[in-house]
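Below is one structure, written out as structure tokens; comments come after it.
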Amino acid sequence: MNKDELEKILRKTIGVSKGETEAVVLGGRSYVTAFANNYIHRNVGENNYTLSIRVAFGKRVGSVTVNDFNEGAIEDAVKRAEEIAKSSSEIPDFVSFAKPEEVPERSFFLESTEQASPSLRAEYVKKIIDTAKEKGLNANGTFTTEEMALGVANSLGVMRISQLTTASLKSVIMSDTSSGYSLATSIDINDISVDSVIKESVSLALSGKNPLPIEPGKYEVILSPYAFSEFLSSLCYLTFNARAVEECSSFFLDNFGKKMFPEHVTIYDDGLSSETIPMPFDFEGVPKKRVYFIKNGVITDVVYDTLTAYKVGRESTGHSLPQPSDFSPYPMNVIMEGGSLARDEIISHVEKGLYVHRFWYTNPMDPRRAVITGMTRDGLFLIEGGKITKPVKNMRFTESAIDALANCVEVSKEKKINYEGTSITVPYVRIKDFMFTSATEF
Amino acid sequence: MERVIEEALLTGKKLGASYVEARVIDREIEEISTKDGSVEGIKHSTSKGFGVRVICNGSWGFSSSFNVSDAEVKRVTEEAVEIAKASALTKIDDVKLRETDIYQDKVPQPVKIDPFSVSLEKKIDTLIELNKLMNKEGVIVRRANMHFSREWKTFASSEGAFLEMERIVSGAGLASIASNGKEIQMRSYPSSFGGDLQRKGFEWIEELKLQENAENTARESIALLNAKPCPSGKMDIILHPNQMVLQIHESCGHPTELDRVLGEEASYAGTSFLTPDKLGKFRYGSDIVNIVADATAPYALGGFAYDDEGVKARKVYLIKNGIFVGYLNSRETAQKLGLEPMGAMRADNWNRMPIIRMTSVNLEPGDKTLEELIQGVDYGILMSTNRSWSIDQMRLNFQFGTEIGWEIRNGKIQDMVKNPTYSGITYEFWRSCDGIGNENYYHIFGLPNCGKGEPPQVMEVSHGSSYARFRNVQVGVLR
Chain R
1 MNKDELEKIL RKTIGVSKGE TEAVVLGGRS YVTAFANNYI HRNVGENNYT LSIRVAFGKR
61 VGSVTVNDFN EGAIEDAVKR AEEIAKSSSE IPDFVSFAKP EEVPERSFFL ESTEQASPSL
121 RAEYVKKIID TAKEKGLNAN GTFTTEEMAL GVANSLGVMR ISQLTTASLK SVIMSDTSSG
181 YSLATSIDIN DISVDSVIKE SVSLALSGKN PLPIEPGKYE VILSPYAFSE FLSSLCYLTF
241 NARAVEECSS FFLDNFGKKM FPEHVTIYDD GLSSETIPMP FDFEGVPKKR VYFIKNGVIT
301 DVVYDTLTAY KVGRESTGHS LPQPSDFSPY PMNVIMEGGS LARDEIISHV EKGLYVHRFW
361 YTNPMDPRRA VITGMTRDGL FLIEGGKITK PVKNMRFTES AIDALANCVE VSKEKKINYE
421 GTSITVPYVR IKDFMFTSAT EF
Chain B
443 MERVIEEALL TGKKLGASYV EARVIDREIE EISTKDGSVE GIKHSTSKGF GVRVICNGSW
503 GFSSSFNVSD AEVKRVTEEA VEIAKASALT KIDDVKLRET DIYQDKVPQP VKIDPFSVSL
563 EKKIDTLIEL NKLMNKEGVI VRRANMHFSR EWKTFASSEG AFLEMERIVS GAGLASIASN
623 GKEIQMRSYP SSFGGDLQRK GFEWIEELKL QENAENTARE SIALLNAKPC PSGKMDIILH
683 PNQMVLQIHE SCGHPTELDR VLGEEASYAG TSFLTPDKLG KFRYGSDIVN IVADATAPYA
743 LGGFAYDDEG VKARKVYLIK NGIFVGYLNS RETAQKLGLE PMGAMRADNW NRMPIIRMTS
803 VNLEPGDKTL EELIQGVDYG ILMSTNRSWS IDQMRLNFQF GTEIGWEIRN GKIQDMVKNP
863 TYSGITYEFW RSCDGIGNEN YYHIFGLPNC GKGEPPQVME VSHGSSYARF RNVQVGVLR
């Protein structure tokens, strides 16, 4: 759908409703070319749009989502939302939908990405596969291209539409005893360097062959941006949001204003930064504000949606998920400030430790201290005398993300965007006393 | 509906596809969540669309759309063929599907009480009442939720299959979070992460006995704040059926998915230690461990009449007398290993290509009473209700945590313990299983949120189990 069609749907929805109303259109076309064992094994396309409607009569709110835009369907959906609102009991914390704010329109839509054909995606993938075959390796991964639209309108005057394209190339190269990972994401397919992705994933698979056993215990670690983003991802839902503070599960509760981390730890959310896959406003139509979670080591703030903000007399920071949601508000464009040293320089400061390329299957064990467990994956190496020396077998870590940030002694100047629906942009980090708790067989 | 499907099959064949299948799904979902005595959110959603999967030039292509119209069916089918041709640029071997019986069938799902016929007011009142029952000093968050869904699926293939299936699901659960200002503790009923779901009508909500268990759920969350920490070390453990669900899911269900075994999920979910050379020989567990994949289990959330390749639902053994004997498979992967298709190909909606998923993967009951299991433990922990989970990408090293535990000393239950965790290597753990509860404790829990695949898919699966006892397990975490 083009912008005019989206606006027409939004206006029609607001127009036919009898209550305070919010309409959200989300959708577009997305394609995933997935490969494994050196061939494309799953190759799919999707065309879908949904219309989510919330109608409020005072504090009684009804929500409906449909993907039918045929004659009469929108009217039926609005009527259903009105009926639900009338049958519902009050949501005490509900005040209203978002109020309009002036923000300049920006476009994140690139035809180059939108027009990517199945054969173009296959050609990128073939290049990875051909290199893997040449080196006796096994190529796996995905190449995803999407064009998505988000439109939000409400009866208080909000009317915003944003169109976005993304291209994301992931490569996991495997040998019998090793694997290497690389990911590149941009709104412009022309920014995706297949050669860089091949270089990173292939070199790790080659250098990681025949890993040696290693004993679990405390190690100084260099976490790659892929690995470190897993930690920040956990903090997004455990710590960095107003709901977690309200429900007393966030470590930040009772610690706002305190300096708990080193000076070089600054982490924020900014949907409009050039370092992220952008998102100009949230699913309530509120423009994204920059929110510092930690500024120069001091615990600063968390993100809000309208429900959590109005409850404590604040304004939304523009971090609502599609409502109603048990997980909203949520940071979707997290960025950590980098340092002045190159990756290899911070590695050179490690006398004995581990380089972790990626974590996997991380899950919280203690929400308040953000204690997380997970496995290493796709590249674990010993660092000796300031240099990466040999591959070692994967281990399980169990560590508090809060303690890990407190023990973060250096950050690199290089950063990477890790995008899986949400965007986390972080540097390489050096962390002391990182706890690995058990080993596995490979 | 039939016209859309017919058009997809005709267009696909005309464009040179050797195989075409089309699915149309019309789904309705109602979700009600309450928190601290009030409604938190009520969401009603409908989703309709179709997907077309083809084999052309020996490779797969799939496309899908929300717009169920003649013109769009033609475009989507053409796109599926174009995508398949692009896949063929990297082809090694032609896709071959194992032959299977072809069915034409219509399968409605009778329920006692249509969940969509029950008024919203009644559902809200029930949930608010549960909130009230959990309202105790020390409890900071009370939650109760209900979920209902209904779908009609029509599937047809160029081989002549034509299937129409109805699916109705109901579920509910509650949770209480307590805090003393320093820590939080949570208890859920009947299991965590949304409760328990079955392919039943509203009668299932009444069978769940939520009211009878709400107060105790809140009391236990408060008591956990003052409970002693779970000890660490090697000891025996007994797992409640609601924790066995997760144990079976992660350490047996996923590693027996033949697509992951063959490397098709390597870039995301991972692979598996249960490689084809181990089939029929590998000692996965002790002699008493028998695990089946049973899509025919009545009411089980992982059950259905036919899978998304038209293969009729059946029950097969994955583990028999402790030996690894079977896979969850598809027609394509069955062909690769010369196996019989067992019907585990499932797509989470019209916009996804089917992949191998769990059905109802169940540990068959044993012969012990709970008292006998406990009496056989000198020192150990009884653990209940999953709280955290993590397992490596080959499904070997796992570490799971539960909401609550009870110390067992000299064959008797003693003190409550908090933050229990246990870990191990999958086959060592299952080999240490020396007691399984009898069928009186056996229950099939519905798990609505199994994630897998790229693009991601969320599937409804289920797991049946009784209590089970494991010897000499690592409890707690090395610090």
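Note that the protein sequences, when read in sequence, are chains R and B. Last residue of the first sequence? That's 442 in my numbering, and every number before it is there in order. Last residue of the second sequence? That's 921 in my numbering, and every number before it is there in order. Each residue gets a CB set at the ideal place from its N, CA and C atoms; glycine is no exception. All of these numbers come straight from a predicted model, not from anything done at the bench.
Counting only runs that start and end within the region 91 to 175 of chain R, where is the alpha helix (DSSP H) found for 4 or more residues in a row? Unbroken alpha helix (DSSP H) runs of no fewer than 4 residues, entirely contained in the region 91 to 175 of chain R, are found at 111 to 114 and 118 to 134, following chain order.
Are the C-beta atoms of Met917 (chain B) and some chain R residue less than 7 Å apart? If you number the second sequence from 1, residue 917 (chain B) lands on position 475. According to the sequence as given, residue 917 (chain B) is Val; it is not Met. Val917 (chain B) does not count as touching chain R.
Which of helix, strand or coil DSSP assigns to Met686 (chain B): Counting from one through the second sequence, the residue named residue 686 (chain B) turns up at place 244. In the three-state reduction of the DSSP assignment, Met686 (chain B) falls in the helix class.
Comparing C-alpha positions only, which one of R:Leu206, R:Ser182, R:Ile189 and R:Pro211 sits nearest to Ile198 (chain R)? On the first sequence, position 198 is the one that residue 198 (chain R) refers to. Among R:Leu206, R:Ser182, R:Ile189 and R:Pro211, the Cα nearest to that of Ile198 (chain R) is on R:Ser182.
Give the range of the beta strand (DSSP E) segment to which Gly491 (chain B) is assigned. To locate residue 491 (chain B), count along the second sequence from 1; it is residue 49. Per DSSP, Gly491 (chain B) is one residue of the beta strand (DSSP E) stretching across Ser480 to Cys498.
Determine the contact status of Tyr304 (chain R) and Pro329 (chain R), defining contact as a CB-CB distance below 7 Å. Taking the first sequence and counting its residues from 1, the one referred to as residue 304 (chain R) is at position 304. Taking the first sequence and counting its residues from 1, the one referred to as residue 329 (chain R) is at position 329. Between Tyr304 (chain R) and Pro329 (chain R), the CB-CB gap stays under 7 Å.
CB-CB under 7 Å to Ala36 (chain R), same chain, minus the five flanking residues each way: which ones, in chain order? Reading the first sequence from its first residue, position 36 is the one you call residue 36 (chain R). The beta carbon of Ala36 (chain R) is closer than 7 Å to those of Asn140 in its chain, skipping five residues each way along the sequence.
What residues in its chain sit with their C-beta under 6 Å from that of Val515 (chain B), if we drop five residues either side in the sequence? Mapped onto the second sequence, residue 515 (chain B) falls at position 73. Apart from sequence neighbours up to five positions away, the residues of its chain that approach Val515 (chain B) with a beta-carbon distance below 6 Å are Val446, Glu449 and Ala450, ordered along the chain.
Between the region 342 to 372 of chain R and chain B, which residues of the former have a C-beta closer than 8 Å to a C-beta of the latter? Of all residues in the region 342 to 372 of chain R, Trp360, Tyr361, Thr362, Asn363, Pro364, Met365, Asp366, Pro367 and Arg368 have a Cβ within less than 8 Å of some Cβ in chain B.
Quick check on the DSSP output: the beta strand (DSSP E) that includes Tyr31 (chain R) runs from which residue to which? The residue given as residue 31 (chain R) occupies position 31 in the first sequence. Going by DSSP, Tyr31 (chain R) is part of the beta strand (DSSP E) stretching over Glu20 to Ala36.
Taking Cβ positions only, does Gln899 (chain B) come closer than 7 Å to chain R? The sequence position of residue 899 (chain B) within the second sequence is 457, counting from 1. Among the residues facing chain R, Gln899 (chain B) is not included, as its CB has no counterpart in that chain under 7 Å away.
Would you report the Cα separation of Lys415 (chain R) and Ser179 (chain R), rounded to the nearest angstrom? Your numbering for residue 415 (chain R) matches position 415 in the first sequence. Your numbering for residue 179 (chain R) matches position 179 in the first sequence. Across the structure, Lys415 (chain R) and Ser179 (chain R) are spaced so that their CA atoms are roughly 22 Å apart.
Are there 16 or more other CB atoms within 10 angstroms of the CB of Gly727 (chain B), so buried, or fewer, so exposed? On the second sequence, residue 727 (chain B) is found 285 positions in, with the first residue counted as 1. Counting Cβ neighbours within 10 Å, Gly727 (chain B) comes out buried, since at least 16 surround it.
Given this structure, state the Cα-to-Cα distance separating Lys456 (chain B) from Asn190 (chain R), to the nearest angstrom. Residue 456 (chain B) sits at position 14 when you count from the first residue of the second sequence. Residue 190 (chain R) sits at position 190 when you count from the first residue of the first sequence. Each residue's alpha carbon lies about 35 Å from the other.
Inter-stretch contact (C-beta, 8 Å, three-pair minimum) for the region 562 to 572 of chain B and the region 67 to 76 of chain R: Touching, no, given that fewer than three Cβ pairs across the two stretches are closer than 8 Å.
So, Val507 (chain R) versus Gly19 (chain R), is the Cβ gap smaller than 7 Å? Any property of residue 507 (chain R) remains undetermined from this structure, which presents chain R solely from 1 to 442.
Which residues share a DSSP beta bridge with Asp736 (chain B)? Translated into positions along the second sequence, residue 736 (chain B) becomes position 294. Beta-bridge pairing links Asp736 (chain B) to B:Lys757.
Going by DSSP in three states, Leu569 (chain B) sits in which element: helix, strand or coil? For the purposes of this step, residue 569 (chain B) is taken as the residue at position 127 of the second sequence. The three-state secondary structure of Leu569 (chain B), taken from DSSP, is helix.
If we count Cβ pairs, one from each stretch, closer than 8 Å, do we get three or more for the region 326 to 340 of chain R versus the region 367 to 380 of chain R? Using a C-beta cut-off of 8 Å, the region 326 to 340 of chain R makes no contact with the region 367 to 380 of chain R, since fewer than three inter-stretch Cβ pairs fall below that distance.
Identify each residue in the region 484 to 499 of chain B for which the Cβ-Cβ distance to at least one residue of chain R is less than 7 Å, and report them in chain order. Flagged, chain order: Ile484, Lys485, His486, Ser487, Thr488, Ser489, Lys490 and Gly491.
Residues of chain R with a CB under 7 Å from the CB of Glu470 (chain B): which are they? Taking the first residue of the second sequence as 1, we reach residue 470 (chain B) at position 28. The contacting residues do not exist; Glu470 (chain B) stays about 10 Å from chain R at best.
Between Ala167 (chain R) and Thr131 (chain R), how many whole angstroms is the CB-CB distance? I'm expecting something under 8 Å. Residue mapping note: residue 167 (chain R) aligns to position 167 of the first sequence, counting from 1. Residue mapping note: residue 131 (chain R) aligns to position 131 of the first sequence, counting from 1. Actually they are not in contact, since the Cβ atoms of Ala167 (chain R) and Thr131 (chain R) sit about 19 Å apart, beyond 8 Å.
What residue range is occupied by the uninterrupted alpha helix (DSSP H) comprising Val523 (chain B)? Position 81 of the second sequence, counting from 1, holds the residue named residue 523 (chain B). Secondary structure note for Val523 (chain B): its alpha helix (DSSP H) is the uninterrupted segment Asp512 to Ser529.
Report yes or no: do the region 753 to 760 of chain B and the region 862 to 874 of chain B share at least 3 C-beta pairs separated by less than 8 Å? Contact between the region 753 to 760 of chain B and the region 862 to 874 of chain B is absent: fewer than three C-beta pairs spanning the two stretches fall below 8 Å.
Whose C-alpha, out of B:Arg837, B:Arg794 and B:Val803, is nearest the C-alpha of Asn47 (chain R)? Taking the first residue of the first sequence as 1, we reach residue 47 (chain R) at position 47. Here the closest residue by C-alpha is B:Arg794.
Compute the beta-carbon to beta-carbon distance between Ser415 (chain B) and Ser904 (chain B), rounded to the nearest angstrom, for a pair I have assumed lies under 8 Å. This structure gives no information on residue 415 (chain B), because the portion of chain B shown stretches from 443 to 921.
Identify every residue that forms a DSSP beta bridge with Lys894 (chain B). In the second sequence, the residue the question calls residue 894 (chain B) occupies position 452. Looking at the DSSP assignment, Lys894 (chain B) forms a beta bridge with B:Gln899.
9 Å Cβ cut-off: residues of chain R touching Trp502 (chain B): Position 60 of the second sequence, counted from the first residue, corresponds to residue 502 (chain B). Going along chain R in sequence order, the residues near Trp502 (chain B) (Cβ under 9 Å) are Ile40, His41, Arg42, Asn43 and Val44.
Pairwise C-alpha distance: Asp478 (chain B) and Thr239 (chain R): Residue 239 (chain R) sits at position 239 when you count from the first residue of the first sequence. Residue 478 (chain B) sits at position 36 when you count from the first residue of the second sequence. Between Thr239 (chain R) and Asp478 (chain B), the C-alpha separation is close to 21 Å.
Residue interval of the alpha helix (DSSP H) (run including Cys694 (chain B)): Locating residue 694 (chain B) in the second sequence gives position 252, counting from the first residue. From DSSP, Cys694 (chain B) is part of no alpha helix (DSSP H); its letter is neither H nor E.
If I'm right that Glu441 (chain R) touches Gly386 (chain R) with Cβ under 8 Å, what's the distance once you round it to whole angstroms? In the first sequence, the residue the question calls residue 441 (chain R) occupies position 441. In the first sequence, the residue the question calls residue 386 (chain R) occupies position 386. Incorrect: roughly 30 Å between the Cβ atoms, too far for contact.
Bridge partners - Val55 (chain R), DSSP secondary structure assignment: Here residue 55 (chain R) refers to the residue found at position 55 of the first sequence. According to DSSP, Val55 (chain R) shares a beta bridge with R:Thr21 and R:Gly62.
Would you list, in chain order, the members of the region 100 to 127 of chain R that have their beta-carbon closer than 8 Å to a beta-carbon of chain B? For the region 100 to 127 of chain R, which is checked against every Cβ of chain B, the residues closer than 8 Å are Ser117, Pro118, Ser119, Arg121, Ala122, Glu123, Val125 and Lys126.
Cut-off 8 Å between Cβ atoms - residues of its own chain near Ser30 (chain R), not counting five sequence neighbours on either side: Your numbering for residue 30 (chain R) matches position 30 in the first sequence. For Ser30 (chain R), where only same-chain residues beyond five positions count, the Cβ hits under 8 Å are Gly45, Glu46, Thr144, Thr145, Glu146, Glu147 and Met148.
Close-in-space but distant-in-sequence residues of the same chain around Thr165 (chain R) (CB under 6 Å, 5 per side omitted): For the purposes of this step, residue 165 (chain R) is taken as residue 165 along the first sequence, with counting starting at 1. Closer than 6 Å at Cβ, skipping near neighbours: Phe109, Leu110, Thr113, Glu114, Glu147 and Ile187.
What do you get for Lys490 (chain B), buried or exposed, if any count of 16 or more other CB atoms within 10 angstroms of its CB means buried? Within the second sequence, residue 490 (chain B) is the residue found at index 48, counting from 1. Around the beta-carbon of Lys490 (chain B), 16 or more other beta-carbon atoms lie within 10 Å, marking it buried.
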